[in-house]
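Going by UniProt numbering, the first residue of the sequence shown is number 1, and it counts up by one from there. We treat Cβ as the ideally placed atom computed from N, Cα and C, and that holds for glycine.
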Amino acid sequence: MSEFLKLLKGGNKSSLTAAIVNTIIAIIKTGAFFFTGNVAMFAEMMHSIGDAANQFFVYIGSALSKKAPTPRFPNGFGRLINLVCLGAVLIVGILSYETIKEGWHQIQHPTTSTGVAISLTVLGLGILLESAVFYKAGKEILHENGIKGSFLGPITTSFAYINRAKPATKLVFMEDLVATSGGILAFTAILISHYTGFLQAEGIASIIIGLMMFYVVGKVFLDNARGALGETDEQMLVHIAHIVSENIHVKDIKELEVIKEGEFLHVNLVVEIDPTLLFAEVDDIHDVLKELILNQQSVTDVTIAFDEDDGIKKWKHHKDKKTTLKTPD
């Protein structure tokens, strides 16, 4: 139990914050829905319940993924976060279906809801809280990539680096982006329904919110399915190939693999060097390359092997701003 609690301290902070905030929002929205019977509020209630459950699962998964390798699991638990995310999106998928179904029912059989002031107040509070979590997740994405953005960076620049975010941070960012957008949509639908009498507006908003939730389900599912299988990080592969090739003793790169293991990267490298070098010199080259690669973002494990230079340059790499990453100072 003590080990479990210790691991929890290393869990993804963005997902924990999001889980707590969304739990509070879900409770408030649930009360508002039962008091008003508002369909748009029902959609937002389901959305917040799904996000809260999702993010609690992800927080626990991100913590457990940092567990050290054991004799039974020598490769570690890095991919556990991907498996947890896969399970978590199933919850959101079920709630998405219920949200769309309720919205369709409202369109076919529109009903008037009460307590408009309560609904708007609750939704307004939810928008503020969810946008704050969204901003924090965006800030975390920039931090994970070593980017110092402006005040608006977390809601602008962060989109350019979302694919390099940790799985848990990326999930929180996407869910709260949709949650904030859904809250604004529900708020607008209630206003339209109240002031124009177009009661179907709430049903339409509910369906759109459900579809946005399904989008997150699909996106997160595909990302984590690739992670669970062991996906190559192409951008980091090109970057590592570039910095390794700059070493004067490396004549060619024979093999290079950069495999994602949850939040971490494992690197397997085979380089060609001068066969006349002494063992002590090769050992020094190994240490230099290993330290260099381990200093790269998210790299936790490096395996390096050497082969004699055959005089034929086979590895091709390029220095592209889109694929060459910033080396930490």
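Would you be able to state if there are at least three C-beta pairs under 8 Å between the region 48-58 and the region 134-144? no
Looking at V270 and A305, is the spacing between their C-beta atoms short of 7 Å? yes
Endpoints, the beta strand (DSSP E) within which A68 is located: Neither: A68 is in no beta strand (DSSP E) and is coded neither H nor E.
Any idea what DSSP makes of N54, helix, strand or coil? helix
Considering only the beta carbon of each residue, do V92 and I28 sit closer than 7 Å? no
Which parts of the region 70-133 are runs of the alpha helix (DSSP H), unbroken and 4 residues or longer, counting only runs that do not cross its ends? 80-108
I believe L7 touches A63 by the beta-carbon criterion, under 8 Å. Please report the beta-carbon distance rounded to the nearest angstrom. 5 Å
Cβ-based neighbour list, T180, same chain, cut-off 8 Å, excluding 5 preceding and 5 following: I127, E130, S131 and F134
Taking only three categories from DSSP, how would you classify F151? coil
K319, buried or exposed, once every other Cβ within 10 Å from all chains shown has been counted against 16: Note on K319: pLDDT 46, under 50, position unreliable in the model; the coordinate value appears next. When all chains shown are included, K319 counts as exposed.
Taking buried to mean at least 16 other C-beta atoms within 10 Å of its own C-beta, is E175 buried or exposed? Buried: at least 16 other Cβ atoms inside 10 Å.
Classify E102: buried if its beta carbon has 16 or more other beta carbons within 10 angstroms, exposed otherwise. Buried: at least 16 other Cβ atoms inside 10 Å.
Check this for me: beta carbons of V89 and V172, under 7 Å apart or not? no
Identify every run of the alpha helix (DSSP H) within the region 176-237, keeping only runs that are complete inside it and at least 4 residues long; order them along the chain. Taken in chain order, the whole alpha helix (DSSP H) runs of length 4 or more contained in the region 176-237 are 200-229.
Got a sec, what are the start and stop residues for the beta strand (DSSP E) V258 sits in? D252 to E261
What does DSSP give as the partner residues of D307 in its beta bridges? E272
Among I248, L265, L237 and H249, which has the Cα closest to the Cα of E255? L237
Would you kindly check if the distance between the Cβ of G311 and the Cβ of N82 is under 7 Å? no
Can you find the residues in the same chain that come closer than 6 Å, C-beta to C-beta, to H194, ignoring five residues on each side of it along the sequence? V116
Are the CB atoms of L142 and S158 nearer to each other than 7 Å? yes
Taking the alpha carbon of A201 as the reference point, which residue from G31, N38, A18 and E291 has its own alpha carbon closest? Shortest Cα-Cα distance from A201 to any of G31, N38, A18 and E291 involves N38.
According to DSSP, is T300 helix, strand or coil? strand
With A26 as the anchor, note down where its alpha helix (DSSP H) starts and where it stops. K13 to T36
Can you tell me which of P71, E144, D307 and V21 puts its alpha carbon nearest to the alpha carbon of Y161? Ranking the options by Cα distance to Y161, first place goes to E144.
How is H266 classed by DSSP in three states: helix, strand or coil? strand
F279: first and last residue of the uninterrupted alpha helix (DSSP H) it sits in: F279 to L294
Count the other CB atoms, across all protein chains shown, that sit within 10 Å of the CB of D283; report buried if there are 16 or more and exposed otherwise. exposed
Pick from D301, L292 and V21: whose alpha carbon is nearest that of H242? L292
Between the Cα of I240 and the Cα atoms of I248, C85 and L294, which residue gives the shortest distance? Per the Cα distances, L294.
Could you check how far apart the C-beta atoms of E44 and A186 are, in whole angstroms? I think they sit under 8 Å. 5 Å
Return the chain-ordered list of same chain residues with a C-beta closer than 6 Å to the C-beta of S48, the five sequence neighbours on each side being excluded. Counting only Cβ-Cβ distances below 6 Å, and skipping sequence neighbours, we find N22, I25, A26 and K29.
Given this structure, state the Cα-to-Cα distance separating F214 from F35, to the nearest angstrom. 27 Å
Could you check whether F77 and S96 sit closer than 7 Å to each other, using their CB atoms as the reference points? no
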